[in-house]
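Worksheet for the structure shown next.
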Amino acid sequence: MPRVMDVEGHVAKLRAFWRRERRLPGYGEMLGLFGYQSKNAVFGALRKLEDLGFLERKRGRVVALGRLTGTLRLLGAVQAGFPSPAEEELADILSLDEFLIRRPEATFMLTVQGDSMIAAGIVPGDMVLVEKGGTPKPNDIVVAQVDDEWTLKYYMKDRDGVRLDPANPKYKSIRPARSLVIGGIVKAVIRKYD
Amino acid sequence: MPEFPFLYQSYPRAIIHFDGDAFFAAVEQSIHPELKGKPVVTGKERGIIACASYEAKALGISRGLSLREAIRMCPGLKVLPSDYETYSLYSKRMFDIARRYTPMVEEYSIDEGFADLTGLRRLHHTSYEEIALRFQADIRAELDITVSVGLSLTKSLAKLGSKFRKPAGFTPIPGPDIRGFLAQIPLEKVWGFGPNTVALLTQYGLKTACDFTAHPEEWADRLMGKVGRELWGELRGSALYPVTTEEKSNYCSISKCKTFTAPSTDPEFVWAKLVRNVESAFIKVRRHKLRARQIAVMLRKQDFRQAGLELRLNRPVSVTRDVIPAVRDLFESLIERGAEYRATMVVLGKLESDGERQYDLFEDPVRIEKREALSEAVDAVNDRYGKHTLSLAPSLFLDRNRRTGRDDQPQRKSALLPGETRRQRLAIPRLFLNV
Numbered sequence: 104m105p106r107v108m109d110v111e112g113h114v115a116k117l118r119a120f121w122r123r124e125r126r127l128p129g130y131g132e133m134l135g136l137f138g139y140q141s142k143n144a145v146f147g148a149l150r151k152l153e154d155l156g157f158l159e160r161k162r163g164r165v166v167a168l169g170r171l172t173g174t175l176r177l178l179g180a181v182q183a184g185f186p187s188p189a190e191e192e193l194a195d196i197l198s199l200d201e202f203l204i205r206r207p208e209a210t211f212m213l214t215v216q217g218d219s220m221i222a223a224g225i226v227p228g229d230m231v232l233v234e235k236g237g238t239p240k241p242n243d244i245v246v247a248q249v250d251d252e253w254t255l256k257y258y259m260k261d262r263d264g265v266r267l268d269p270a271n272p273k274y275k276s277i278r279p280a281r282s283l284v285i286g287g288i289v290k291a292v293i294r295k296y297d
Numbered sequence: 003m004p005e006f007p008f009l010y011q012s013y014p015r016a017i018i019h020f021d022g023d024a025f026f027a028a029v030e031q032s033i034h035p036e037l038k039g040k041p042v043v044t045g046k047e048r049g050i051i052a053c054a055s056y057e058a059k060a061l062g063i064s065r066g067l068s069l070r071e072a073i074r075m076c077p078g079l080k081v082l083p084s085d086y087e088t089y090s091l092y093s094k095r096m097f098d099i100a101r102r103y104t105p106m107v108e109e110y111s112i113d114e115g116f117a118d119l120t121g122l123r124r125l126h127h128t129s130y131e132e133i134a135l136r137f138q139a140d141i142r143a144e145l146d147i148t149v150s151v152g153l154s155l156t157k158s159l160a161k162l163g164s165k166f167r168k169p170a171g172f173t174p175i176p177g178p179d180i181r182g183f184l185a186q187i188p189l190e191k192v193w194g195f196g197p198n199t200v201a202l203l204t205q206y207g208l209k210t211a212c213d214f215t216a217h218p219e220e221w222a223d224r225l226m227g228k229v230g231r232e233l234w235g236e237l238r239g240s241a242l243y244p245v246t247t248e249e250k251s252n253y254c255s256i257s258k259c260k261t262f263t264a265p266s267t268d269p270e271f272v273w274a275k276l277v278r279n280v281e282s283a284f285i286k287v288r289r290h291k292l293r294a295r296q297i298a299v300m301l302r303k304q305d306f307r308q309a310g311l312e313l314r315l316n317r318p319v320s321v322t323r324d325v326i327p328a329v330r331d332l333f334e335s336l337i338e339r340g341a342e343y344r345a346t347m348v349v350l351g352k353l354e355s356d357g358e359r360q361y362d363l364f365e366d367p368v369r370i371e372k373r374e375a376l377s378e379a380v381d382a383v384n385d386r387y388g389k390h391t392l393s394l395a396p397s398l399f400l401d402r403n404r405r406t407g408r409d410d411q412p413q414r415k416s417a418l419l420p421g422e423t424r425r426q427r428l429a430i431p432r433l434f435l436n437v
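Have a look at this one:
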């Protein structure tokens with residue numbers, strides 16, 4: 104079966120590389136980039152891209168042409184004229200995700216069932232974003248396993264050690280007798296109204 | 003017998019292989035913390051064990067065992083339906099954590115990958131061993147699962163390393179240690195040696211991977227050709243297989259296999275499942291702008307015996323409907339009335355790029371293009387309203403065998419958050435704790 108070269112794909116990969124590195128990849132790098140097994144294949148692909156006017160060969164060196172690298176582009180894909188003021192202003196904004204989640208790999212969602220943190224504004228049915236892997240500071244709200252029992256409480260420290268405080272007068276503070284595992288620190292509360 | 007090492011240098015190249023320990027079960031224990039330390043298995047919806055936690059493995063339960071058998075062996079076993087969405091979210095995070103250390107990360111499968119650390123000691127101000135250990139510690143702290151890591155000069159050696167100590171193991175194999183390490187590795191553990199190769203090598207009196215590398219390169223080449231030569235080099239510490247960061251885009255074949263939630267003797271139901279697989283496979287073919295020239299169909303019975311047939315298409319196809327009559331013929335010759343089936347599978351092969359169109363003398367290009375336009379319209383509808391919203395008529399029979407057990411669904415799907423739907427859920431793993 105004759106292989107059909109994926110020109111569009113190759114150009115996109117070279118462009119991405121150019122954006123990142125501000126240079127063309129070497130033959131060895133192109134091998135991996137295009138997913139070829141032999142440098143001869145790379146050579147063939149380059150010849151084709153040369154024919155199509157993406158590249159040029161100058162004294163044995165491959166040079167990228169404007170068709171590949173594009174001309175200077177500052178903000179977004181603006182065909183002509185100045186970038187729109189809105190686009191310029193919106194270069195430094197956070198998405199709601201980024202605003203709520205500081206460490207995306209370590210953040211999990213938990214639906215709260217109990218009412219032990221009601222005075223802290225966390226009611227049954229609320230969703231909390233829990234970050235794992237951190238060390239809690241006093242006054243942080245934590246998900247913790249105290250002597251095999253999982254609970255949502257304020258993390259506190261005093262002369263006698265760690266104390267977990269509820270935010271509901273119905274419940275008492277607890278102190279771990281045997282073990283304490285911190286499952287994560289609450290970083291945000293989400294409540295959605297329909 | 004004292005022997006010279008293959009290499010005196012420790013890490014002219016530093017590649018790690020990381021492998022999630024009992025990945026699916028570990029993820030379940032991570033989102034259901036009360037299951038930690040307990041025997042847990044996944045695969046409830048299929049009636050067969052997909053993954054067993056280390057606690058379950060210790061009781062003799064392993065992947066592939068039937069659930070009935072497993073519960074008999076361990077009455078307290080916690081059996082969970084597979085939650086591939088959560089496993090994939092964890093997988094993605096695992097690779098994102100690896101990318102904190104190097105951009106050269108290869109996603110080899112859902113639960114294992116490679117990373118090339120070469121030259122990163124200065125950037126991280128520490129040794130390769132320490133970088134690998136930090137990565138491992140990050141995974142444990144943030145994802146609450148463990149990975150086993152092998153560090154060496156090549157992908158093949160690193161992969162042997164990660165399997166050497168499990169779970170949560172770390173096995174560095176620097177240049178001078180390669181030879182001694184390989185002496186402890188039986189042939190069948192080597193990545194790339196299948197049962198046939200092992201049988202062949204055993205004929206020559208080989209026992210360990212070290213025996214293999216003790217022969218000259220030409221010998222490996224003569225016996226196993228290019229692959230033999232490459233493995234020989236990889237095992238001796240010269241990196242021949244690069245860590246490839248590219249997302250997979252040139253497929254050799256695309257396959258779809260789905261096991262029914264309950265086995266069925268109803269041919270129309272089995273046919274409906276098969277058609278659904280054909281549809282899914284072709285959706286993928288079109289997404290990657292490919293066409294298929296070959297199609298293979300397989301039916302698997304409840305007793306795991308299977309039968310399959312393969313068909314060459316007279317032109318490359320990307321429209322599902324175009325192959326259905328041919329697939330029906332295959333199906334008719336495969337199906338045994340009265341037999342109980344558990345899965346169907348479709349493999350599309352001889353894939354080629356969608357780019358150029360060439361028509362046979364006897365074909366009607368207008369008709370083909372019309373069908374392609376229809377197919378595109380169907381894809382557009384499904385993109386908007388969810389996969390398989392619009393599908394071929396046999397899918398009406400899919401409901402015949404639907405077991406409406408809520409417990410066969412992962413909690414993520416049975417306890418939706420406000421605003422989530424059966425089709426779309428938040429891209430974040432959920433912890434299930436009663437607090």
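So the protein sequences, as listed, match chains Z and C. Counting in our numbering, the final residue of the first sequence is number 297, and the numbers go up one at a time with none missing. Counting in our numbering, the final residue of the second sequence is number 437, and the numbers go up one at a time with none missing. Glycine is no exception: its CB is placed at the ideal position from the N, C-alpha and C atoms. These numbers were taken from a predicted model, which means no experiment stands behind them.
Out of the options, point me to the one whose CA is closest to residue i's CA.
| i | options | result |
| --- | --- | --- |
| Val226/Z | Gly237/Z, Lys295/Z, Gly287/Z | Lys295/Z |
| Glu124/Z | His113/Z, Asn143/Z, Gly163/Z, Thr172/Z | Thr172/Z |
| Tyr13/C | Arg95/C, Leu301/C, Ala160/C | Ala160/C |
| Leu311/C | Glu334/C, Thr156/C, Gly177/C | Glu334/C |
| Asp154/Z | Ser141/Z, Lys142/Z, Asn143/Z, Leu168/Z | Leu168/Z |
| Ala143/C | Leu283/Z, Thr214/Z, His113/Z, Gly287/Z | Gly287/Z |
| Asp21/C | Thr44/C, Lys168/C, Leu79/C | Lys168/C |
| Trp280/Z | Gln248/Z, Ala222/Z, Ala115/Z, Val231/Z | Here residue 280/Z turns out to be Ala, not Trp, going by the sequence shown. Nearest option by C-alpha distance: Gln248/Z. |
| Glu374/C | Val325/C, Glu108/C, Asp223/C | Val325/C |
| Asp385/C | Pro412/C, Ala345/C, Glu371/C, Lys286/C | Lys286/C |
Find the residues of chain Z that neighbour residue i, judging by a C-beta separation of less than 8 angstroms, and give them in chain order.
| i | result |
| --- | --- |
| Asn436/C | Gln216, Gly217, Trp253 |
| Arg432/C | Phe211, Met212, Leu213, Thr214 |
| Leu428/C | Met212 |
Secondary structure at residue i, three-state DSSP: helix, strand or coil?
| i | result |
| --- | --- |
| Met230/Z | strand |
| Ala216/C | helix |
| Asn143/Z | helix |
| Arg205/Z | coil |
| Ala309/C | strand |
| Glu422/C | coil |
| Thr391/C | coil |
| Ile63/C | coil |
| Glu338/C | coil |
| Trp253/Z | strand |
| Ser84/C | coil |
| Gly179/Z | With a pLDDT of 48 at Gly179/Z, under the threshold of 50, the modelled position of that residue is not reliable, and the figure given next carries that caveat. In the structure shown, Gly179/Z sits in coil (DSSP, three-state: anything other than H, G, I, E or B). |
Residues of chain Z with a CB under 7 angstroms from the CB of residue i: which are they?
| i | result |
| --- | --- |
| Asp98/C | Glu208 |
| Ser355/C | Val107, Asp109 |
| Arg95/C | Glu208 |
| Met244/C | Reading the sequence as shown, one finds Pro at residue 244/C and not Met. Neighbours of Pro244/C on chain Z, chain order: Gly135. |
| Pro412/C | The premise fails here: Pro412/C is roughly 15 angstroms from chain Z at the closest Cβ pair, so nothing lies under 7 angstroms. |
Among residues of its own chain, excluding the 5 on either side of residue i, which ones have a beta-carbon nearer than 6 angstroms to its beta-carbon?
| i | result |
| --- | --- |
| Arg238/C | Phe8, Thr215 |
| Leu267/Z | Lys256, Ile277 |
State yes or no: is the C-beta of residue i within less than 8 angstroms of the C-beta of residue j?
| i | j | result |
| --- | --- | --- |
| Ser150/C | Ala170/C | yes |
| Val42/C | Ala58/C | yes |
| Val289/Z | Gly224/Z | no |
| Val383/C | Leu392/C | yes |
| Ala209/Z | Glu192/Z | no |
| Tyr92/C | Leu145/C | yes |
| Thr17/C | Val245/C | Residue identity differs from the one stated: residue 17/C is Ile in this sequence, not Thr. Closer than 8 angstroms, so yes. |
| Ala283/C | Val348/C | yes |
| Ala328/C | Leu313/C | yes |
| Val114/Z | Phe157/Z | yes |
At 9 angstroms on the CB atoms, spell out the chain C contacts of residue i, in chain order.
| i | result |
| --- | --- |
| Met259/Z | Result: empty, since nearest Cβ-Cβ is about 17 angstroms, beyond 9 angstroms. |
| Gly224/Z | By Cβ distance, chain C contributes nothing, its closest Cβ being about 16 angstroms from Gly224/Z, past 9 angstroms. |
Strictly below 8 angstroms CB to CB, what residues from chain C border residue i?
| i | result |
| --- | --- |
| Met230/Z | Leu419 |
| Lys235/Z | Ala143, Glu144, Leu145, Asp146 |
| Val246/Z | Leu433, Leu435, Val437 |
I'd like the list of long-range same chain contacts for residue i, defined as Cβ closer than 8 angstroms, with 5 residues on each side in sequence excluded.
| i | result |
| --- | --- |
| Asp401/C | none |
Along chain C, in chain order, which residues have C-beta atoms closer than 7 angstroms to that of residue i?
| i | result |
| --- | --- |
| Asp297/Z | Pro420 |
Of all Cβ atoms in chain D, is any one closer than 8 angstroms to the Cβ of residue i?
| i | result |
| --- | --- |
| Glu144/C | The chain inventory of the structure shown lacks chain D, comprising the protein chains Z and C. |
Just to check, is the beta-carbon of residue i closer than 7 angstroms to a non-hydrogen atom of the ligand FMN?
| i | result |
| --- | --- |
| Gly237/Z | Judged by which ligands are present, the structure shown has none, so any question about the ligand FMN falls away. |
If you drop the 5 nearest sequence neighbours on each side, which residues of the same chain put their C-beta closer than 7 angstroms to that of residue i?
| i | result |
| --- | --- |
| Asp366/C | none |
| Phe172/C | Ala134, Leu135, Gln138, Val151 |
| Arg170/Z | Gly156, Phe157 |
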